[in-house]
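Engineer:
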Amino acid sequence: MGFFVGGSVSPVVARLARPESASWVLSVYPQAREAGGCFVPSTPRRGGQGVRGQAADAERARDEAARRARAKLRRYCATNRLNRLGTLTYRGAGCHDPRQVRADLGVFFPVLRAHLGGGAFPYVWVPEWHPGGHGLHVHFAVGRFIKQSVIKRAWGRGFVSIKQLNDLPVGSGTLDQARLAARYLSKYVTKSFADADRPAGLHRYEVAQGFQPKAVRLTGHSADHVLGQASAGFGAAPVLRWSSADLSDWRGAPAIWAQWA
Numbered sequence: 003m004g005f006f007v008g009g010s011v012s013p014v015v016a017r018l019a020r021p022e023s024a025s026w027v028l029s030v031y032p033q034a035r036e037a038g039g040c041f042v043p044s045t046p047r048r049g050g051q052g053v054r055g056q057a058a059d060a061e062r063a064r065d066e067a068a069r070r071a072r073a074k075l076r077r078y079c080a081t082n083r084l085n086r087l088g089t090l091t092y093r094g095a096g097c098h099d100p101r102q103v104r105a106d107l108g109v110f111f112p113v114l115r116a117h118l119g120g121g122a123f124p125y126v127w128v129p130e131w132h133p134g135g136h137g138l139h140v141h142f143a144v145g146r147f148i149k150q151s152v153i154k155r156a157w158g159r160g161f162v163s164i165k166q167l168n169d170l171p172v173g174s175g176t177l178d179q180a181r182l183a184a185r186y187l188s189k190y191v192t193k194s195f196a197d198a199d200r201p202a203g204l205h206r207y208e209v210a211q212g213f214q215p216k217a218v219r220l221t222g223h224s225a226d227h228v229l230g231q232a233s234a235g236f237g238a239a240p241v242l243r244w245s246s247a248d249l250s251d252w253r254g255a256p257a258i259w260a261q262w263a
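Printed below as a string of structure tokens:
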């Protein structure tokens with residue numbers, strides 16, 4: 003058994019995580035079973051900015067923002083095992099007002115909770131413009147069985163659908179299903195970064211509060227050092243590993259990411 007318990011880290015790991023010459027920092031999300039980090043120099047980096055408050059490369063800044071949004075969504079889904087995907091669609095001509103959609107969802111989830119006994123539960127939802135011109139519909143993920151009739155009654159504005167993501171290799175579990183749900187939802191989040199008409203101040207996706215993943219911070223003298231600590235904590239090597247060192251056009255600080263089964 004590894005030493006990650008309940009999102010915390012044992013004293014043994016705490017000592018390993020603070021070597022005198024630490025220069026790599028890794029944020030580990032035990033419940034999501036993934037980690038990401040980068041090399042942190044001893045002195046702050048300079049440059050990288052154009053006009054004050056404005057990114058020197060707007061396209062790169064947008065891509066980085068989309069990447070961060072996808073990562074946060076993925077960790078939330080994985081942590082809470084959100085393995086069921088649903089869709090909420092408006093009847094008639096649909097809804098073309100992004101603010102109205104958010105107001106409606108602000109009613110929908112409390113009503114749904116009431117139908118299910120009143121207890122809070124994790125969820126995430128993402129709006130998307132319907133390709134057929136029907137306005138906006140909403141994709142959401144939950145981690146528990148909910149009858150479609152209950153969702154329809156709580157929605158009350160049109161049509162609903164929901165399904166568990168079972169179309170995976172034999173042996174896959176709820177974590178694999180949740181990661182697949184996150185990939186689907188991430189596509190809609192990424193599309194929102196190209197939506198020039200999205201009103202300012204509106205979040206690209208929303209989650210239930212109180213269920214955010216907890217991180218454990220590890221530090222070490224190399225990428226292999228911090229990944230080794232994380233692997234010891236999980237009791238296994240990562241099944242996926244990425245490094246910026248493999249990209250010839252990488253322009254940021256050296257970075258790593260890994261995922262465990």
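Per this note's numbering, residue 3 is the first one in the sequence shown, and the count goes up by one each step. Cβ coordinates follow ideal geometry from the N, Cα and C atoms, glycine included. None of these values were measured; they are calculated from a predicted model.
What span of residues does the alpha helix (DSSP H) with W157 cover, start to end?
Structural biologist: Taking the first residue of the sequence shown as position 1, residue 157 is located at position 155. Its alpha helix (DSSP H) spans residues 150-157.
Engineer: Please report the straight-line C-alpha distance between W244 and H117, rounded to a whole angstrom.
Structural biologist: If you number the sequence shown from 1, residue 244 lands on position 242. If you number the sequence shown from 1, residue 117 lands on position 115. Rounded to the nearest angstrom, the two C-alpha atoms are 43 Å apart.
Engineer: How long is the line joining the alpha carbons of R181 and H132, rounded to whole angstroms?
Structural biologist: As a first step, residue 181 must be located in the sequence shown, where it is residue number 179. As a first step, residue 132 must be located in the sequence shown, where it is residue number 130. Between R181 and H132, the C-alpha separation is close to 24 Å.
Engineer: Considering only DSSP beta bridges, list what Q33 is partnered with.
Structural biologist: If you number the sequence shown from 1, residue 33 lands on position 31. Bridge partners of Q33: none, in fact.
Engineer: Whose C-alpha, out of L204, G160, V42, is nearest the C-alpha of C97?
Structural biologist: The residue labelled residue 97 in the question sits at position 95 within the sequence shown. The residue with the shortest Cα to Cα distance from C97 is G160.
Engineer: In chain order, what residues of the same chain have a beta carbon less than 6 Å from the beta carbon of F213, not counting five sequence neighbours either side?
Structural biologist: The residue given as residue 213 occupies position 211 in the sequence shown. Excluding positions up to five away in sequence, the list reads N82, P124.
Engineer: Quick check: what's the CA-CA separation for W262 versus G94?
Structural biologist: The residue given as residue 262 occupies position 260 in the sequence shown. The residue given as residue 94 occupies position 92 in the sequence shown. In a straight line, the C-alpha of W262 is about 45 Å away from that of G94.
Engineer: Relative to the C-alpha of T192, which candidate in H136, G134, A67, L87 has its C-alpha closest?
Structural biologist: Position 190 of the sequence shown, counted from the start, is the residue given in the question as residue 192. Minimum Cα distance to T192 is reached at A67.
Engineer: Check whether the segment 140-153 touches the segment 226-241, counting contact only when three or more Cβ pairs, one atom from each stretch, lie closer than 8 Å.
Structural biologist: The segment 140-153 vs the segment 226-241: no contact.
Engineer: Apart from the five residues on each side of it in sequence, which residues of its chain come closer than 8 Å, Cβ to Cβ, to G121?
Structural biologist: Residue numbering aside, residue 121 sits at position 119 when the sequence shown is read from its first letter. Answer for G121: R115, listed in chain order.
Engineer: Does the segment 59-79 touch the segment 134-142, meaning 3 or more C-beta pairs lie closer than 8 Å?
Structural biologist: Taking 8 Å as the limit for Cβ pairs, the verdict is that the segment 59-79 does not touch the segment 134-142.
Engineer: Please give the ranges of any alpha helix (DSSP H) in the segment 175-256, keeping only runs that are unbroken, at least 4 residues long and fully inside the region.
Structural biologist: The qualifying runs are 176-194, 225-236.
Engineer: Using alpha carbons as the reference points, say which of L75, D99, S194, E130 lies closest to Q211.
Structural biologist: By 1-based counting over the sequence shown, the position of residue 211 is 209. Among L75, D99, S194, E130, the Cα nearest to that of Q211 belongs to L75.
Engineer: Hey, A143 and L87 are a contact pair by Cβ (cut 8 Å); roughly how many whole angstroms apart?
Structural biologist: To locate residue 143, count along the sequence shown from 1; it is residue 141. To locate residue 87, count along the sequence shown from 1; it is residue 85. So it is a contact: roughly 5 Å between Cβ atoms.
Engineer: What whole-angstrom Cβ distance do A260 and A60 have, given they're in contact under 8 Å?
Structural biologist: Along the sequence shown, read from residue 1 onward, the residue named residue 260 stands at position 258. Along the sequence shown, read from residue 1 onward, the residue named residue 60 stands at position 58. Between A60 and A260 the Cβ distance is about 30 Å, and since that is not below 8 Å, they are no contact.
Engineer: For the segment 219-230 against the segment 99-113, are there 3 or more C-beta pairs whose distance is under 8 Å?
Structural biologist: Verdict: no, contact absent.
Engineer: Pull up the CB-CB distance for S163 and T89, whole angstroms please, since I reckon it's below 8 Å.
Structural biologist: What you label residue 163 is simply residue 161 of the sequence shown in a count that begins at 1. What you label residue 89 is simply residue 87 of the sequence shown in a count that begins at 1. Right, their Cβ atoms sit about 5 Å apart.
Engineer: Are the beta-carbon atoms belonging to H266 and S29 less than 8 Å from one another?
Structural biologist: A question about residue 266 goes unanswered here, because the residues of the chain that appear run from 3 up to 263.
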